[in-house]
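Quick mapping for you: the protein sequence lines, in order, are chains P and E. Note that the first sequence covers residues -11 to 251 in this note's numbering. Note that the second sequence covers residues -11 to 251 in this note's numbering. Beta carbons are placed, not taken as given, at the ideal position from N, Cα and C, and that holds for glycine. For clarity, every value in this text was computed on a predicted model and none was experimentally measured. Read through the structure below, which is laid out as structure tokens, and then see the notes.
Protein chains: 2
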Amino acid sequence: MITGSTRLFGIVADPIAQVRTPEVLNAYFDKQGLDAVLVPLHIGAAQLAVAFDVFRALKNLGGFIVTVPHKTAAVDLCDEVSAAAREIGAVNTVRREPDGRLVGDMFDGRGFVAGLKAEGLDPAGRRALLVGAGGAAAAIAFALAEVGVGRLTIANRTRARAEELASRVSRFYPAIQVEAGDADPTSHDLIVNSTSLGMKTGDAMPFDTELLQPEQIVAEIIMKPEMTAMLRQATLRGCVVQAGRHMLDHQARLMGEFMTRVS
Amino acid sequence: MITGSTRLFGIVADPIAQVRTPEVLNAYFDKQGLDAVLVPLHIGAAQLAVAFDVFRALKNLGGFIVTVPHKTAAVDLCDEVSAAAREIGAVNTVRREPDGRLVGDMFDGRGFVAGLKAEGLDPAGRRALLVGAGGAAAAIAFALAEVGVGRLTIANRTRARAEELASRVSRFYPAIQVEAGDADPTSHDLIVNSTSLGMKTGDAMPFDTELLQPEQIVAEIIMKPEMTAMLRQATLRGCVVQAGRHMLDHQARLMGEFMTRVS
Chain P
-11 MITGSTRLFG IVADPIAQVR TPEVLNAYFD KQGLDAVLVP LHIGAAQLAV AFDVFRALKN
49 LGGFIVTVPH KTAAVDLCDE VSAAAREIGA VNTVRREPDG RLVGDMFDGR GFVAGLKAEG
109 LDPAGRRALL VGAGGAAAAI AFALAEVGVG RLTIANRTRA RAEELASRVS RFYPAIQVEA
169 GDADPTSHDL IVNSTSLGMK TGDAMPFDTE LLQPEQIVAE IIMKPEMTAM LRQATLRGCV
229 VQAGRHMLDH QARLMGEFMT RVS
Chain E
-11 MITGSTRLFG IVADPIAQVR TPEVLNAYFD KQGLDAVLVP LHIGAAQLAV AFDVFRALKN
49 LGGFIVTVPH KTAAVDLCDE VSAAAREIGA VNTVRREPDG RLVGDMFDGR GFVAGLKAEG
109 LDPAGRRALL VGAGGAAAAI AFALAEVGVG RLTIANRTRA RAEELASRVS RFYPAIQVEA
169 GDADPTSHDL IVNSTSLGMK TGDAMPFDTE LLQPEQIVAE IIMKPEMTAM LRQATLRGCV
229 VQAGRHMLDH QARLMGEFMT RVS
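In structure tokens:
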């Protein structure tokens, strides 16, 4: 039941109809017993800066989720951004402080890591291969480093992008060995596909699944289909597999906690 | 269940916690089977113009209610305003057209009139006494004139304000006899209190209730208490009484219809 004192949250996106955040976050608020509601806010890129001004002024706004295509632009529109989000170059969650300041952070990668941990697959100390070097890969690379991954190899078709991401992570986490490398799962404990390969039937494998060994952990961020061809191959080869939905579930909780936290 | 394709509506107010519109309008949307949700938007006067710009840009916004203290300012912030709302000098409901244009109208007085009609007390042709000449009185005066009240007397402590309102209504509805007069119910079929007298215990009566006659219709716009001292006196004197809540119920339906109408 929404009343005049219900705290307001939003998800800012363009397009908007496909977002699943309202269902997931409103279920989170219910579970926490919070008098809060999250609604879709369909805003184009050209109006994003003005919208942020109104979000500062909107006194009953608790915060908002930011998604495609606004995650990069949101970094500079916030009044404060976590060091990690600034390094990643993207913000996906903003909390509005009581004085109107907008504080941004990034939970895409942390949601992925929390999903692994919840399944007893803590990346800490493990040798990880991350395939892809785009926005999702950056978020996951920083989140893996944040929880103390043992070693991180980043593989990307355009090698320069992998090298660039590896050096950004290295600079931020100098104690961790991060380097660009080949998409070869050999000698890795955890293999993560952060490319979009596997969304469409007929897509190439993101790496050579013939090289997978039993007991390796193989994780996916693709939500649909839940079992990609790569995950099916990994299962056949005796790997421990983790589907993309775990990332979404845990990310929602982390975003909800961040937005409703009183700083 | 709010999803990414749920149509968004709001109520803009400052303060916000006391508004009842979310409960009433969300019940209306449910009843109509609309995938729509209305949420509180707590915005101060200084930010109202910027907020209207964002409302134009917010592609999934269907419209919004405007209440204290923004009703007057909203007139000039809309792209289009009904002639009646412009005359009244207040907008309480805004529809967002698909192209982003904001179209304002005023339903405070019409809700009051619809409430009377629903109880079989159509003001058409009746001699009405309106006590008060503020914002609520203006809305009611124009709405009574709109449905063809027989004659309208406006009584106000500061007589000049009653005269000013009477001349505005006359100018807009030249066929109807409208004049400033005393707060004397004699020779009137319908007596309306649009002042705030009756909200607090110990308030003076808005007019001399000793002069009321049986069969006169006596209406109130005060919501709390539901039965004001004036309505109690009117009941004792055999009048037909109408409490303030009828206005709210019918206003909600009219506002909901206006915001969800495809123009």
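So with Cβ pairs under 8 angstroms, would you call residue i a contact of chain P?
i	result
E:Ile179	no
E:His30	yes
E:Pro10	yes
E:Thr(-6)	yes
E:Leu46	yes
E:Ala5	yes
E:Val69	no
E:Ile53	no
E:Val250	no
E:Val38	yes
E:Met243	no
E:Met211	no
E:Met254	A query on residue 254 of chain E cannot be resolved here, the shown segment of chain E reaching from -11 to 251 and no further.
E:Met(-11)	yes
E:Asn14	yes
Taking 8 angstroms as the CB-CB cut-off, is residue i touching chain E?
i	result
P:Val42	yes
P:Val25	yes
P:Asn80	no
P:Gln230	no
P:Gln221	no
P:Gln35	yes
Could you give the C-beta distance for residue i and residue j, rounded to a whole number, given that I count them as a contact under 8 angstroms?
i	j	result
E:Asn48	E:Val119	Not quite, the Cβ-Cβ distance comes to about 43 angstroms (not below 8 angstroms), so this is no contact.
E:Arg241	E:Ser175	Their Cβ separation, rounded to whole angstroms, is 33 angstroms, which puts E:Arg241 and E:Ser175 out of contact at 8 angstroms.
E:Asp64	E:Arg89	15 angstroms between Cβ atoms; not a contact.
P:Gly113	P:Gly136	7 angstroms
E:Ala37	E:Thr(-6)	Actually they are not in contact, since the Cβ atoms of E:Ala37 and E:Thr(-6) sit about 27 angstroms apart, beyond 8 angstroms.
E:Ala5	P:Gly(-8)	5 angstroms
E:Met211	E:Leu236	6 angstroms
E:Gln230	E:Leu117	So it is not a contact: roughly 14 angstroms between Cβ atoms.
Work out the CA separation of residue j and residue i for me, nearest whole Å.
i	j	result
P:Leu140	P:Pro10	34 angstroms
E:Gly186	P:His238	54 angstroms
E:Ala150	E:Leu132	15 angstroms
E:Ile205	E:Pro173	10 angstroms
P:Asp96	P:Ile209	10 angstroms
E:Arg8	P:Arg145	57 angstroms
E:Phe195	E:Arg249	40 angstroms
P:Leu199	P:Arg225	9 angstroms
P:Ile179	P:Asp41	41 angstroms
E:Arg98	P:Asp18	37 angstroms
P:Ala45	E:Val101	36 angstroms
E:Val228	E:Glu167	24 angstroms
P:Gly103	P:Ala217	21 angstroms
E:Met193	P:Gln20	48 angstroms
E:Ala171	E:Leu29	38 angstroms
P:Pro213	P:Thr183	14 angstroms
E:Gly232	E:Thr197	18 angstroms
P:Arg220	E:Met(-11)	34 angstroms
E:Gln35	P:Thr189	50 angstroms
Can you tell me which residues form a DSSP beta bridge with residue i?
i	result
E:Gly51	E:Phe(-3) and E:Arg83
E:Pro28	E:Ile(-1)
P:Gly92	P:Val69 and P:Val82
E:Asn181	E:Val119 and E:Glu208
E:Gln230	E:Ala207
P:Glu167	P:Thr141
Apart from the five residues just before and just after residue i, which ones in its own chain have a Cβ nearer than 7 angstroms to its Cβ?
i	result
E:Met262	Given a span of -11 to 251 for chain E in the structure shown, any question on residue 262 of chain E remains unanswerable.
P:Phe43	Leu49, Phe52, Arg84 and Leu90
P:Ala121	Ile142, Asn144, Arg149, Ala150 and Leu153
E:Ile31	Val0, Asp2 and Ala39
P:Ala73	Val63, Val79, Gly92, Asp93 and Met94
P:Arg156	Glu75
P:Ala127	Ile76, Ala78, Met94, Asp96 and Gly97
With a CB to CB cut of under 6 angstroms and the five nearest residues on each side skipped, what residues in its chain are close to residue i?
i	result
P:Phe160	Glu75
P:Leu257	Absent from the model: residue 257 of chain P. The displayed extent of chain P is -11 to 251, so no value can be given.
P:Ile164	Ala133
P:Asp191	Leu185
E:Ala222	Leu200, Val206 and Val229
P:Ser158	Val166
E:Asp177	Arg114 and Arg115
Could you pull out every residue in the same chain whose Cβ sits closer than 8 angstroms to the Cβ of residue i, ignoring the five residues on either side in sequence?
i	result
P:Ala33	Asp2, Pro57, His58 and Ala61
P:Tyr16	Ala240, Arg241 and Gly244
E:Thr55	Ile(-1), Val0, Ala1, Val7, Thr9 and Asn80
P:Arg147	Ala168
E:Glu107	Gln230 and His234
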